[in-house]
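Residue numbers (full-length UniProt numbering), protein chains in the order written: chain D, 1 to 255; chain Z, 1 to 364; chain F, 1 to 480.
Rendered as structure tokens:
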């Protein structure tokens with residue numbers, strides 16, 4: 001098991017990529033805090049599924065944009081499991097990925113940007129601020145931020161979403177620079193279009209096909225593909241990797 | 001006692017009596033869960049080690065409490081003020097703070113003492129004449145050794161067994177005349193006491209030029225060794241003198257190793273092995289509900305047989321405090337059990353830096 | 001299989017020897033069987049050789065010869081240096097790379113220019129060691145070193161023995177060194193280098209290993225010497241003191257404690273890491289066995305990293321250092337001393353949130369104890385450090401007072417205007433060396449070792465008074 005007895009927190013873990021990451025981490029031996037904002041039932045389902053294979057997990061409600069709620073959640077998690085080793089910032093403000101109804105650059109207003117920045121960057125910021133003292137105390141920790149390969153290749157220009165994810169990458173790198181000396185690594189995972197998830201259902205078949213055409217590995221990412229990369233970055237295997245962004249998109253983006 | 005404590009104590013007792021369905025590991029893990037739940041300082045200690053009932057699946061994963069913990073913390077699952085007995089360390093190292101082990105009931109402690117005592121000390125007889133050289137329980141209610149000695153006399157002593165330690169100290173003259181009587185009657189006798197108690201007695205006998213030809217079956221029981229006492233003689237020398245002065249051979253001498261922080265004891269296998277096979281095994285061993293580990297002093301991981309390390313005990317009878325304790329004694333494991341080398345002394349620096357142990361020494 | 005002498009005696013003496021395999025190497029070490037008679041025989045001989053030769057050399061000659069020997073050691077291909085680099089790590093347990101770097105650094109401090117500086121530091125004119133020299137106030141003076149010095153070396157931090165021998169040579173004394181079994185080799189190798197430069201010079205030196213506490217031998221050595229210098233623990237010093245008559249010069253270097261003081265200026269965002277990094281090095285070099293290494297540090301709050309974060313960062317840095325240069329393997333006594341103090345702290349931390357422990361998980365490689373209050377404390381050594389919290393350093397310096405009999409070096413990192421007030425206070429408290437963090441282990445040549453003179457402590461002066469000088473002029477047959 002790659003992360004045996006480690007304590008992990010995955011935000012936005014009630015479904016999609018977040019749920020897959022939570023489950024994978026649990027399978028690899030971690031105690032997983034499954035964070036959700038609204039979907040308690042879905043989060044409980046994830047926890048229960050983890051328990052079916054004798055994994056350890058617990059659901060935690062918190063709006064990642066709210067510092068008090070985040071602080072309370074992290075403290076509770078650290079208290080019940082004795083620390084916090086792995087944080088996966090996966091949550092974001094609600095977003096509809098629909099190529100047909102998306103807002104163009106001239107339709108996107110600052111509030112749209114702000115909303116995405118709040119979910120992706122402020123959310124990650126809140127979580128990291130709360131988790132950092134625990135990780136410094138342990139002189140180790142893994143912070144993993146989920147970005148998107150749209151920041152390198154905006155196949156569909158979801159302006160507000162992509163801008164926020166790019167900001168999250170900048171956040172990742174500068175955080176890595178300051179936390180390395182404490183033994184804490186900070187990395188990003190950049191998924192390509194991941195199917196099936198709730199976010200990608202509205203992406204039309206032709207867009208999916210065109211992405212597949214451009215992808216060397218000739219398929220879309222699955223939630224498990226992303227979860228595997230996250231587990232790697234959370235494990236001992238990545239002990240000397242920090243400030244990196246790992247593209248998980250079958251080679252669509254190469255850099 | 002709380003209901004779950006009664007259940008826990010009874011489970012341990014039936015294991016000791018050999019009536020338990022569970023194996024050592026199963027009971028150890030259950031007991032760990034119980035202690036994790038009810039012994040709050042121990043729980044915190046475990047949490048800092050990231051050991052919880054969720055992660056501990058085997059007895060050797062249970063984090064051992066350093067014996068200093070019995071001084072620093074209140075280690076008890078049941079309320080300490082309701083304890084039937086509290087045993088305290090003699091506090092040789094720091095008289096200010098004594099290590100305390102609380103016993104809500106003495107049933108488990110007594111049960112844990114009796115059967116191994118019979119097995120290791122009296123494998124050949126049911127009862128015998130016992131002369132005790134150290135204080136009885138009525139003189140020192142907080143000493144586990146006194147309780148032990150009193151129990152030995154109560155359960156295994158014949159009618160005229162007696163204690164020779166009074167408020168005035170050890171009555172050596174009386175010991176001599178009592179031994180002479182036994183010698184005359186040809187009755188086997190067992191002397192029992194702390195190791196250092198013998199030092200004074202032997203000095204006295206040597207001075208008065210007293211020698212005894214004790215009857216066959218006589219034996220000498222000592223405990224504690226020489227740690228921190230004023231006069232250290234090698235154990236071998238002591239046993240040589242036992243032979244010379246009492247006519248008791250090495251294979252009828254037995255050293256018991258017990259600690260306030262434990263609820264079980266371990267013994268030399270001298271008398272047992274001699275009785276069973278005629279071969280004498282000196283190495284120590286304990287009852288089935290106590291497992292002893294030798295840990296590397298650097299990594300605290302188990303070491304192979306023959307290599308020295310610090311001793312940890314996993315004692316199911318220690319149900320109210322911590323079943324796993326880490327001692328400050330050094331020893332090594334053998335094919336037949338283990339050997340105790342004694343407490344680690346403070347270290348001196350190899351260079352010109354003064355080490356804390358020396359600093360403390362020079363401030364004493 | 002190579003055989004190596006772990007002793008040095010004049011050629012004319014014959015001693016029976018025993019050989020011992022040096023575990024983990026292809027070397028056997030040869031030890032002499034030392035008796036009181038042999039010691040008397042050897043000291044008589046080296047003293048005679050001194051009279052016949054060393055005493056007649058000028059200080060300048062001696063400096064040149066030592067410098068030539070040191071020059072050899074500064075060559076990476078020098079066979080004896082290679083031997084030392086291979087064997088010292090095995091004998092002492094220190095990391096080979098650390099030994100290599102520290103040894104090199106150490107030898108450089110004995111270059112000619114440093115030796116001259118060292119002499120000048122203590123004598124107005126070093127030539128006073130050779131002849132009567134005029135004094136500014138009139139008259140003339142000459143300095144005499146002891147006819148012979150008995151050095152009791154101890155411990156296994158490589159180097160200090162060489163410094164002691166060099167002092168003896170500069171004073172034109174015959175030198176008998178008793179090495180500890182923990183590190184018998186380096187003084188022998190160095191003497192061998194001197195022999196390569198000048199065989200006659202090396203004939204005034206003897207290096208003998210024996211187990212300390214064999215009082216007969218020590219008495220023989222003490223009786224034959226004019227001065228005795230002892231390095232070691234309080235117990236060692238006490239034991240030797242008992243057998244040294246009051247008439248002899250007796251100099252002791254007991255075990256010491258060093259500390260560090262780090263101000264908020266050194267913890268600004270642009271320099272906190274550098275400070276931590278250097279400090280970790282101070283702790284790690286020779287595993288704090290050298291008394292120049294810090295055992296505790298007082299850290300000031302109010303900058304980019306709090307004292308607690310300093311402790312955490314220091315712990316992470318010690319972990320990195322341990323990966324680069326592992327600590328020596330310890331005895332059960334040493335590891336248990338660390339374990340016991342770790343346990344004590346862990347248990348205290350359960351009750352008291354002002355204490356925290358950051359320590360290597362797998363073994364006892366390194367330990368940081370954080371105290372959220374001002375103070376200082378001793379450590380069981382071997383990369384074990386206390387970090388204390390301070391609101392304002394100046395207020396808390398007095399906390400050193402309980403250690404006043406042992407204080408030695410203080411690593412200091414504060415803004416310049418704070419230096420003198422702090423230095424004044426530290427001086428009063430008994431601290432004898434203030435140095436920058438990161439260089440605590442490298443005392444400079446000519447420093448006042450343990451706050452005292454070095455050569456001056458050994459010598460006696462003979463003065464020719466001005467009046468005599470003038471009066472004698474009158475007796476010049478040619479005077480008019």
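Think of the CB as a built atom: it goes at the ideal place given N, C-alpha and C, for glycine as much as any other residue. Given the structure is predicted, the values throughout are model-derived calculations rather than measurements.
Measuring only the C-alpha atoms, how far is residue 281 (chain F) from residue 287 (chain F)?
Taking the first residue of the third chain as 1, we reach residue 281 (chain F) at position 281. Taking the first residue of the third chain as 1, we reach residue 287 (chain F) at position 287. Spanning the two alpha carbons is a distance of roughly 10 Å.
With DSSP as the reference, label residue 83 (chain D) as helix, strand or coil.
Here residue 83 (chain D) refers to the residue found at position 83 of the first chain. Per DSSP, reduced to three states, the secondary structure at residue 83 (chain D) is coil, with no helix or strand assignment.
Counting only Cβ-Cβ distances shorter than 9 Å, please list the residues of the region 40 to 62 of chain Z near chain D, keeping chain order.
Of all residues in the region 40 to 62 of chain Z, 46, 47, 48, 49, 50, 51, 52, 54 and 55 have a Cβ within less than 9 Å of some Cβ in chain D.
Quick check: does the Cβ of residue 123 (chain F) come within less than 7 Å of any heavy atom belonging to the ligand FMN?
With respect to the ligand FMN, the structure offers nothing, as it holds no ligand at all.
Is the shortest distance between the beta-carbon of residue 48 (chain D) and the beta-carbons of chain Z less than 8 Å?
Looking up residue 48 (chain D) in the first chain gives position 48. Closer than 8 Å: no.
Output the residue ranges of the beta strand (DSSP E) runs that lie fully inside the region 63 to 121 of chain Z and measure 3 residues or longer, sorted by chain position.
85 to 88 and 100 to 103
The region 17 to 31 of chain F in contact with the region 324 to 336 of chain F per 3-pair CB rule at 8 Å
no
Counting along the chain, where does the alpha helix (DSSP H) carrying residue 230 (chain F) start and finish?
Indexing the third chain from 1 puts residue 230 (chain F) at position 230. Looking at the DSSP string, residue 230 (chain F) is not in any alpha helix (DSSP H); the run it does join, the beta strand (DSSP E), is 227 to 232.
Length of the line joining the Cα atoms of residue 434 (chain F) and residue 303 (chain Z):
Within the third chain, numbered from 1, the residue matching residue 434 (chain F) stands at position 434. Within the second chain, numbered from 1, the residue matching residue 303 (chain Z) stands at position 303. Their backbone Cα atoms lie some 45 Å apart in a straight line.
Under 8 Å between the Cβ atoms of residue 113 (chain D) and residue 160 (chain D)?
Residue numbering aside, residue 113 (chain D) sits at position 113 when the first chain is read from its first letter. Residue numbering aside, residue 160 (chain D) sits at position 160 when the first chain is read from its first letter. At a Cβ-Cβ threshold of 8 Å, residue 113 (chain D) and residue 160 (chain D) count as neighbours.
Distance, Cα to Cα, residue 176 (chain D) vs residue 218 (chain D)?
Within the first chain, the letter at position 176 stands for residue 176 (chain D). Within the first chain, the letter at position 218 stands for residue 218 (chain D). Residue 176 (chain D) and residue 218 (chain D): Cα-Cα distance of roughly 33 Å.
Near-chain F residues of the region 102 to 119 of chain Z (beta-carbon distance less than 7 Å), N- to C-terminal order
none
Note down, one range per segment and in chain order, each alpha helix (DSSP H) of at least 4 residues found wholly within the region 213 to 247 of chain D.
223 to 234
Chain F beta carbons: is any one of them nearer than 8 Å to that of residue 232 (chain Z)?
The residue labelled residue 232 (chain Z) in the question sits at position 232 within the second chain. Low per-residue confidence applies at residue 232 (chain Z): pLDDT is 44, beneath 50, and the placement is therefore not dependable enough to give any value.
Note the first and the last residue of the continuous alpha helix (DSSP H) segment covering residue 9 (chain F).
Numbered from its first residue, the third chain carries residue 9 (chain F) at position 9. Counting along the chain, residue 9 (chain F) falls outside any alpha helix (DSSP H), and DSSP gives it neither H nor E.
Return the bridge partner residues of residue 34 (chain D) from the DSSP annotation.
Residue mapping note: residue 34 (chain D) aligns to position 34 of the first chain, counting from 1. Under DSSP, residue 34 (chain D) forms a beta bridge with D:10 and D:59.
Cα separation between residue 239 (chain F) and residue 345 (chain F)?
As a working note, residue 239 (chain F) is residue 239 in the third chain. As a working note, residue 345 (chain F) is residue 345 in the third chain. Approximately 34 Å between the Cα atoms of the pair.
List the DSSP bridge partners of residue 7 (chain Z).
The sequence position of residue 7 (chain Z) within the second chain is 7, counting from 1. In the DSSP assignment, no residue is bridged to residue 7 (chain Z).
Any beta-carbon of chain F closer than 8 Å to the one on residue 165 (chain D)?
Numbered from its first residue, the first chain carries residue 165 (chain D) at position 165. Residue 165 (chain D) does not count as touching chain F.
Buried versus exposed call for residue 475 (chain F) [16 or more other C-beta atoms within 10 Å across all chains shown]
Translated into positions along the third chain, residue 475 (chain F) becomes position 475. Counting Cβ neighbours within 10 Å, residue 475 (chain F) comes out exposed, since fewer than 16 surround it.
Residue 82 (chain D) CB to nearest chain Z CB: under 8 Å?
Reading the first chain from its first residue, position 82 is the one you call residue 82 (chain D). Chain Z, which has a Cβ nearer than 8 Å to the Cβ of residue 82 (chain D), makes this yes.
If I measure Cβ to Cβ from residue 390 (chain F) and keep anything under 8 Å in the same chain, skipping five residues before and after, which residues do I get?
By one-based count along the third chain, residue 390 (chain F) stands at place 390. Excluding positions up to five away in sequence, the list reads 298, 299, 300, 301, 307, 374 and 396.
Out of curiosity, what's the CA-to-CA distance linking residue 123 (chain Z) and residue 65 (chain Z)?
Translated into the one-based positions of the second chain, residue 123 (chain Z) becomes position 123. Translated into the one-based positions of the second chain, residue 65 (chain Z) becomes position 65. The alpha-carbon atoms of residue 123 (chain Z) and residue 65 (chain Z) are separated by roughly 33 Å.
Counting only runs that start and end within the region 31 to 55 of chain F, where is the beta strand (DSSP E) found for 3 or more residues in a row?
Assignment of beta strand (DSSP E) within the region 31 to 55 of chain F, counting only whole runs of 3 or more residues, yields no such run.
Compile a chain-ordered list of the residues in the region 243 to 269 of chain F whose CB is closer than 7 Å to at least one CB of chain D.
none
Starting from the C-beta of residue 229 (chain D), find all residues in its chain whose C-beta is less than 6 Å away, skip the five residues before and the five after it, and write them out in chain order.
The residue given as residue 229 (chain D) occupies position 229 in the first chain. Excluding residues within five positions, the ones whose Cβ falls inside 6 Å are 189, 246 and 248.
Given residue 70 (chain F), which residues of its chain have a CB within under 7 Å of its CB, disregarding the five upstream and five downstream residues?
Here residue 70 (chain F) refers to the residue found at position 70 of the third chain. Excluding positions up to five away in sequence, the list reads 107, 110 and 111.
Restricting to runs no shorter than 3 residues, where is the beta strand (DSSP E) found entirely within the region 285 to 320 of chain F?
Assignment of beta strand (DSSP E) within the region 285 to 320 of chain F, counting only whole runs of 3 or more residues, yields 294 to 300 in chain order.
Could you check whether residue 326 (chain Z) and residue 349 (chain Z) sit closer than 8 Å to each other, using their CB atoms as the reference points?
Along the second chain, read from residue 1 onward, the residue named residue 349 (chain Z) stands at position 349. Along the second chain, read from residue 1 onward, the residue named residue 326 (chain Z) stands at position 326. Taking 8 Å as the Cβ cut-off, residue 349 (chain Z) and residue 326 (chain Z) do not qualify as a contacting pair.
Just how far apart, CA to CA, sit residue 202 (chain Z) and residue 132 (chain Z)?
The sequence position of residue 202 (chain Z) within the second chain is 202, counting from 1. The sequence position of residue 132 (chain Z) within the second chain is 132, counting from 1. Roughly 15 Å separates the two Cα atoms.
Per-residue DSSP class, three states only, for residue 24 (chain F):
Here residue 24 (chain F) corresponds to residue number 24 of the third chain, with the count starting at 1. Coil at residue 24 (chain F), not helix or strand.
Quick check on this structure: which residue in F:219, F:256, F:114 and F:94 has the alpha carbon closest to the alpha carbon of residue 158 (chain F)?
The count along the third chain starts at 1 and reaches residue 158 (chain F) at position 158. Nearest of F:219, F:256, F:114 and F:94 to residue 158 (chain F), Cα basis: F:94.
Hey, could you find the ends of the alpha helix (DSSP H) residue 472 (chain F) is sitting in?
The count along the third chain starts at 1 and reaches residue 472 (chain F) at position 472. First-last of the alpha helix (DSSP H) with residue 472 (chain F): 466 to 474.
Per DSSP, residue 448 (chain F) forms a beta bridge with which residues?
Reading the third chain from its first residue, position 448 is the one you call residue 448 (chain F). Partner(s): none; residue 448 (chain F) has no beta bridge.
Could you round the C-beta distance between residue 330 (chain Z) and residue 344 (chain Z) to whole angstroms and report it? I think they count as a contact, below 8 Å.
Reading the second chain from its first residue, position 330 is the one you call residue 330 (chain Z). Reading the second chain from its first residue, position 344 is the one you call residue 344 (chain Z). Right, their Cβ atoms sit about 5 Å apart.
Taking the beta carbon of residue 291 (chain Z) as the centre, do at least 16 other beta carbons fall within 10 Å, making it buried, or is it exposed?
As a working mapping, residue 291 (chain Z) is identified with position 291 in the second chain. Result: buried.
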